[in-house]
Amino acid sequence: MLQAEDVAEWLAGWGIGSYVLSIVLNVVISILGVIPSVFLTMANVLVFGGIPGFFVSWLGEMAGAIVSYMLYRKGALKLEEKYLSKNRRLWFHRIQRMSTLRQFLTVLIARIIPYMPSALVTVMSVIAQVRIPIYLLATGIGKAPSILLESMAGYGFKMIEDQRVKTGISILLLFSFFFILFIPGKFRSRKSDI
């Protein structure tokens, strides 16, 4: 399993080029959309220090957001007609008809949520045809607290020495994730049955 310490050691070996390399890795992670960037954020904090590591991570996330938006725009609009159901297309059209402020707030809220897959927000923004300046502004502001939380959580998690505590925290996080995703849907379906 990829550890932040291993990435930090590898990055540090590149000297001054590690700044650029970290940003390029963030772009690749953004394009792929399935690899969480938290390990890279933590590595950046370990290599560059707290504040510089945060800014390198933020710049990498922004560069990744720009590049992935442009690439996804080429393919996502073609997939929309082919694979999205009519109901989902209507949902995206509602976002298209939102005011600029509401589009901004929608992307901002999605970006603020920690561990929200960046690719999901980007694809939704592309399909909903959110204009790139709005997308970038919301992404820039929204990713800052998320990256800060990832930096603090990752670094703090690393500092815990007892493996049992780490395992307990991991199980608690998985349970919380399951609860947040599945339980509210159960309550909504019961209300609609009434």
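Here the sequence shown is numbered in this note's numbering, starting from 53 and rising by one per residue. Ideal placement from N, C-alpha and C gives every residue a C-beta, glycine not left out.
Rounded to whole angstroms, K126 and G102 show a C-alpha spacing of 36 Å. When Cβ pairs closer than 8 Å are counted between the two stretches, the segment 169–185 is seen not to touch the segment 92–99, the count staying below three. Straight through space, the alpha carbons of G116 and V182 are spaced by roughly 17 Å. Excluding five sequence positions before and after I87, the CB atoms of its chain that fall closer than 7 Å to its own CB belong to I81, given in chain order. In the displayed model, G65 falls within coil according to three-state DSSP, outside both helix and strand.
Nearest neighbour of W110 by Cα position, chosen from L153, V90 and Y121, turns out to be V90. Residue environment analysis places L153 among the exposed positions, since fewer than 16 neighbouring C-beta atoms fall within 10 angstroms of its C-beta. Around the C-beta of I68, fewer than 16 other C-beta atoms lie within 10 Å, and the residue is accordingly described as exposed. The Cβ atoms of S70 and L63 lie closer than 7 Å to each other. Comparing alpha carbon positions, the residue from L160, G85 and S198 closest to L123 is G85. Note that the C-beta distance between Y187 and V159 is below 7 Å. For the 7 Å CB-CB criterion, A190 and F156 form a contact.
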